[in-house]
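Asks: Just so you know, we're using the working numbering here: the sequence shown kicks off at 1 and counts up by one. A virtual CB, placed ideally from N, CA and C, is assigned to each residue, including glycine. These numbers come from a predicted model, not from an experiment.
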Amino acid sequence: MLASSSEMTIALQSCDGEVVHVKRTIGLQSLFIERKIRLNLVESPIVLEYINAETLNMVVDYCNRHAELSNSNDKAALDSFDAEFVSVDRKTLFHLIHAAHYLKIYTLMDLTCQTLSHKIKGKNVEEIKEAVKNWRLE
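1) Quick check: the Cα distance between L2 and K23, rounded to an integer number of angstroms?
2) Whole beta strand (DSSP E) runs in the stretch 51–137 with 3 or more residues, listed along the chain?
3) For C63 and I26, I'd like the C-alpha separation in whole angstroms.
4) Report the three-state DSSP secondary structure of L31 (helix, strand or coil).
5) At the 8 Å Cβ level, is M109 part of the contact set with chain D, yes or no?
6) State the Cα-Cα distance for the pair F81 and V60, rounded to the nearest angstrom.
7) Can you tell which of L111, A100, R90 has the C-alpha that lies nearest to the C-alpha of I128?
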């Protein structure tokens, strides 16, 4: 018997070689992955050239929790998870922003960019430059 499409898994490979398997429904939160599936361009694993394993695992955790909590209609739990999720150092936040953009996960993009905007709110140009000057994707 074939597995239903919601039970199927997708293999994602980080730029540093770690492979993570996610349910198809979780992968579809990414418009990048959804497009590959729709156009039948899915290689196994899907190589994510610019996303490291640590960031990929965080993104998968975010997508899993959002799928779980969105179905429960528990907005307070979702807000609590989001607040805890973005309580990370600057480098990790930039990696998450980049991953959200690359994967086209717009809820994560909104959350991480909003967090960054709160962190730099009220700072002058020099303070903002200092906050981002040594950041680059590795």
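Replies: In terms of the structure at hand:
1) Residue placement at L2 is flagged as unreliable, the pLDDT there being 43, under the threshold of 50; a coordinate-derived value is accordingly withheld.
2) none
3) 6 Å
4) helix
5) Looking at the structure shown, chain D is missing, and only one protein chain is on hand.
6) 14 Å
7) Among L111, A100, R90, the Cα nearest to that of I128 belongs to R90.
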